[in-house]
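A.B. asks:
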Amino acid sequence: MLSPTASWSLQAPLQDVLLLVARIFPGAVFWQSGRTKVDGWQLNDTALYLFQEEYRLPLIDPVIAAALATIGEHLLPVMLLLGLATRLGALGLLVMTLVIQLLVYPSAWATHGTWAVPLLLLLLHGGGRLSLDHLISRWLHPVSTPRALHCTPAR
5 MLSPTASWSL
15 QAPLQDVLLL
25 VARIFPGAVF
35 WQSGRTKVDG
45 WQLNDTALYL
55 FQEEYRLPLI
65 DPVIAAALAT
75 IGEHLLPVML
85 LLGLATRLGA
95 LGLLVMTLVI
105 QLLVYPSAWA
115 THGTWAVPLL
125 LLLLHGGGRL
135 SLDHLISRWL
145 HPVSTPRALH
155 CTPAR
């Protein structure tokens, strides 16, 4: 049995790796989806057709919906991969997941659940220590070392 100290020392690195995996996998799914919607820097005809004929989102023009989804599917996964504004990126992809679930493919709940669970984890815990968020946080809020550690012993 591991001692409490050994258990704690394993927990933090494991959590960081799990948060990294939680950033990579849903990010990859959305990135690949975004890549299928463009030719170069332009929306392709297939993407426009899908938003006009198959997805048919209410209250938004299909061309605008296609453009917004494509931008989101490119920008938000990069944010997740880098761990930059991780919670915001996860929230954006979670909203996209909910729209897809509720308005486009309601019977695909199992697939959408596999996207939503890691995104919810990232919303709760952030990107972890293997993220730019962590580096920026350390830069903005450096940890001060107690003075006692800087004192030299008396002779």
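Taking our numbering, I'd label the letters of the sequence shown as residues 5 to 159.
Note that CB positions come from ideal geometry on N, CA and C, so glycine has one too.
Note that the coordinates shown come from a computational prediction; the quantities given were computed from them, not determined experimentally.
Let me check one thing: in DSSP terms, what residues is residue 46 bridge-paired to?
C.D. replies: By one-based count along the sequence shown, residue 46 stands at place 42. In DSSP, residue 46 forms a bridge with 43.
A.B. asks: Quick check: the Cα distance between residue 147 and residue 141, rounded to an integer number of angstroms?
C.D. replies: Looking up residue 147 in the sequence shown gives position 143. Looking up residue 141 in the sequence shown gives position 137. If I take the Cα positions, the gap works out to 10 Å.
A.B. asks: Mapping DSSP to helix, strand and coil, what is residue 134?
C.D. replies: For the purposes of this step, residue 134 is taken as residue 130 along the sequence shown, with counting starting at 1. The answer is coil: DSSP assigns residue 134 none of H, G, I, E or B.
A.B. asks: Determine the DSSP secondary structure at residue 51, reduced to helix, strand or coil.
C.D. replies: Start at 1 with the first residue of the sequence shown, and residue 51 comes out as number 47. It is helical.
A.B. asks: Could you name the residues of the same chain whose beta carbon sits closer than 6 Å to that of residue 69, not counting the 5 residues immediately before and after it, in chain order?
C.D. replies: Numbered from 1 along the sequence shown, position 65 holds the residue referred to as residue 69. Closer than 6 Å at Cβ, skipping near neighbours: 55 and 61.
A.B. asks: For residue 110, count the other beta carbons within 10 Å of its own beta carbon; 16 or more makes it buried, fewer makes it exposed. Which is it?
C.D. replies: The residue labelled residue 110 in the question sits at position 106 within the sequence shown. By the 10 Å Cβ count, residue 110 comes out exposed.
A.B. asks: Can you have a look at residue 5 and say buried or exposed, based on whether 16 or more other CB atoms are within 10 angstroms of its CB?
C.D. replies: The residue you call residue 5 lines up with position 1 of the sequence shown. With a pLDDT of 48 at residue 5, under the threshold of 50, the modelled position of this residue cannot be trusted; read the value that follows with caution. By the neighbour-count rule (16 or more Cβ atoms within 10 Å), residue 5 is not buried but exposed.
A.B. asks: According to DSSP, is residue 89 helix, strand or coil?
C.D. replies: On the sequence shown, residue 89 is found 85 positions in, with the first residue counted as 1. Three-state DSSP puts residue 89 in coil, outside helix and strand.
A.B. asks: Three or more beta-carbon pairs under 8 Å between the stretch 40 to 48 and the stretch 80 to 94, yes or no?
C.D. replies: Taking 8 Å as the limit for Cβ pairs, the verdict is that the stretch 80 to 94 does not touch the stretch 40 to 48.
A.B. asks: Short of 8 Å in beta carbon distance, which residues of its chain neighbour residue 103, apart from the five on each side in sequence? Order them along the chain.
C.D. replies: The sequence position of residue 103 within the sequence shown is 99, counting from 1. Closer than 8 Å at the Cβ level, and outside the excluded window around residue 103, lie 61.
A.B. asks: For the alpha helix (DSSP H) containing residue 120, name the first residue and the last one.
C.D. replies: As a position in the sequence shown, residue 120 is number 116, starting the count at 1. Where residue 120 is concerned, the enclosing alpha helix (DSSP H) stretches over 113 to 129.
A.B. asks: Under three-state DSSP, which class holds residue 62?
C.D. replies: Counted from its first residue, the sequence shown places residue 62 at position 58. The answer is coil: DSSP assigns residue 62 none of H, G, I, E or B.
A.B. asks: From residue 100 to residue 58, what does the alpha carbon distance come to, in whole angstroms?
C.D. replies: Within the sequence shown, the letter at position 96 stands for residue 100. Within the sequence shown, the letter at position 54 stands for residue 58. So the two alpha carbons sit approximately 16 Å from each other.
A.B. asks: Could you tell me the alpha carbon to alpha carbon distance between residue 65 and residue 130, rounded to whole angstroms?
C.D. replies: Counting from 1 along the sequence shown, the entry for residue 65 is found at position 61. Counting from 1 along the sequence shown, the entry for residue 130 is found at position 126. Near 33 Å, if we compare the C-alpha coordinates of residue 130 and residue 65.
A.B. asks: Counting C-beta neighbours from all protein chains within 10 Å, is the total for residue 114 16 or more, i.e. buried, or is it exposed?
C.D. replies: The residue given as residue 114 occupies position 110 in the sequence shown. Residue 114 comes out exposed.
A.B. asks: By how many angstroms is the C-alpha of residue 49 removed from the C-alpha of residue 137?
C.D. replies: Numbered from 1 along the sequence shown, position 133 holds the residue referred to as residue 137. Numbered from 1 along the sequence shown, position 45 holds the residue referred to as residue 49. Each residue's Cα considered, the two are about 37 Å apart.
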